[in-house]
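Participant:
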Amino acid sequence: SQQGEEDPQALSIQEGENATMNCSYKTSINNLQWYRQNSGRGLVHLILIRSNEREKHSGRLRVTLDTSKKSSSLLITASRAADTASYFCATDAGANNLFFGTGTRLTVIP
Amino acid sequence: EPEVTQTPSHQVTQMGQEVILRCVPISNHLYFYWYRQILGQKVEFLVSFYNNEISEKSEIFDDQFSVERPDGSNFTLKIRSTKLEDSAMYFCASRAQGVGEQYFGPGTRLTVT
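Listed in order, the protein sequences are those of chains S and E.
In this text, residue positions in the first sequence follow my numbering: the first is 71, and each later residue adds one.
In this text, residue positions in the second sequence follow my numbering: the first is 906, and each later residue adds one.
Take a look at the structure:
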């Protein structure tokens, strides 16, 4: 299975702090994506990083990818209470089917 | 902004009954997907669909499941004879040609009693 695994499973931080979530996967990938899910809601695409990229930024999000270690990290800077959600990494091996990790539950305390 | 829609938002059915979950993908997207998420677990790929046929399916997508694009806008998932373990949130997603991002609908919560 190429499914990713995130750590930590849960993260609680104060508003304004940075949050870092990690993802590991097992097989070669075409790209890796991060999604957010608010409780009981759908998945919202955050950012995609291709296998030949090492770092990507989007607003307060920074994603890194290390294909040699089969790992990725998502950094949310200057967190806000509205960032409270579950965050999932999802790998795409080229067939464009996504395989999701177990997710990190982020709680940002105002 | 265009979005994927799904109906119903919640479906309750008895074991053994057939259910059809409906999705309207984003209009210019060509690739369509169904995923499911059992409560508290990870999101799991079920099936992908392109050019009016299944591209790939997972082990979960057995003979009880089928997908259809009956017209130019809807994309449906049918479960012929529901089991208790089919209770989950079912997400539809769509993707445009040449990009990797998938856009997810809000989901249908299926409860099998």
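By construction, the Cβ of each residue, glycine as well, lies at the ideal position given by its N, Cα and C atoms.
Note that the structure is predicted; figures quoted are calculated from it, not measured.
In chain E, what lies closer than 8 Å to D162 of chain S by C-beta?
Facilitator: Looking up residue 162 of chain S in the first sequence gives position 92. Residues of chain E passing the Cβ test: G1005.
Participant: Using C-beta distances below 8 Å, list every residue in its chain close to L168 of chain S, excluding the 5 sequence neighbours before and after it, in chain order.
Facilitator: Along the first sequence, one-based indexing puts residue 168 of chain S at 98. Closer than 8 Å at Cβ, skipping near neighbours: Q103, A160, T161 and D162.
Participant: If you draw a straight line from the C-alpha of F158 of chain S to the C-alpha of I965 of chain E, how long is it?
Facilitator: As a first step, residue 158 of chain S is located in the first sequence; it is residue number 88 there, counting from the start. As a first step, residue 965 of chain E is located in the second sequence; it is residue number 60 there, counting from the start. Cα-Cα distance, rounded: 21 Å.
Participant: Mind checking whether A151 of chain S and P180 of chain S have CB atoms under 8 Å apart?
Facilitator: Taking the first residue of the first sequence as 1, we reach residue 151 of chain S at position 81. Taking the first residue of the first sequence as 1, we reach residue 180 of chain S at position 110. Yes, the Cβ-Cβ distance between A151 of chain S and P180 of chain S is below 8 Å.
Participant: Pick from E:E908, E:A998, E:V952 and E:Q969: whose alpha carbon is nearest that of V924 of chain E?
Facilitator: Residue numbering aside, residue 924 of chain E sits at position 19 when the second sequence is read from its first letter. Nearest of E:E908, E:A998, E:V952 and E:Q969 to V924 of chain E, Cα basis: E:Q969.
Participant: Within the same chain, show all residues whose beta-carbon is closer than 6 Å to that of K983 of chain E, passing over the 5 residues directly before and after it, in chain order.
Facilitator: For this step, residue 983 of chain E is matched to residue 78 along the second sequence. For K983 of chain E, where only same-chain residues beyond five positions count, the Cβ hits under 6 Å are I925 and S971.
Participant: In chain E, which residues lie with their C-beta within 9 Å of the C-beta of Q103 of chain S?
Facilitator: For the purposes of this step, residue 103 of chain S is taken as residue 33 along the first sequence, with counting starting at 1. G1005, E1006 and Q1007, listed in chain order.
Participant: For chain E, is any of its Cβ atoms less than 8 Å away from the one on T172 of chain S?
Facilitator: The residue you call residue 172 of chain S lines up with position 102 of the first sequence. It does; some Cβ of chain E falls within 8 Å.
Participant: Measure how close the beta-carbons of F950 of chain E and S963 of chain E come, nearest whole angstrom, since I'm counting them as under 8 Å.
Facilitator: Here residue 950 of chain E refers to the residue found at position 45 of the second sequence. Here residue 963 of chain E refers to the residue found at position 58 of the second sequence. With a Cβ gap of about 5 Å, F950 of chain E and S963 of chain E count as contacting.
Participant: What residues in the segment 109-123 of chain S bring their beta carbon closer than 7 Å to a beta carbon of chain E?
Facilitator: Within the segment 109-123 of chain S, the residues whose Cβ lies closer than 7 Å to some Cβ of chain E are R111, G112, L113, H115 and L118, listed in chain order.
Participant: If distances are taken between C-alpha atoms only, which option among E:E958, E:W939 and E:Q946 comes closest to V952 of chain E?
Facilitator: For this step, residue 952 of chain E is matched to residue 47 along the second sequence. Ranking the options by Cα distance to V952 of chain E, first place goes to E:W939.
Participant: So the candidates are S:L144, S:S94, S:K139 and S:L135; which of them puts its Cα closest to the Cα of L176 of chain S?
Facilitator: As a first step, residue 176 of chain S is located in the first sequence; it is residue number 106 there, counting from the start. Of S:L144, S:S94, S:K139 and S:L135, the residue nearest in Cα terms is S:L144.
Participant: Specify the secondary structure class of L144 of chain S as computed by DSSP and reduced to three states.
Facilitator: Looking up residue 144 of chain S in the first sequence gives position 74. Strand, per DSSP.
Participant: Do you know how far the Cα of K140 of chain S is from the Cα of T97 of chain S?
Facilitator: Taking the first sequence and counting its residues from 1, the one referred to as residue 97 of chain S is at position 27. Taking the first sequence and counting its residues from 1, the one referred to as residue 140 of chain S is at position 70. Rounded to whole angstroms, T97 of chain S to K140 of chain S spans 8 Å at the Cα level.
Participant: So, does the CB of N166 of chain S fall closer than 8 Å to a CB anywhere in chain E?
Facilitator: Here residue 166 of chain S refers to the residue found at position 96 of the first sequence. Yes, its Cβ sits closer than 8 Å to a Cβ of chain E.
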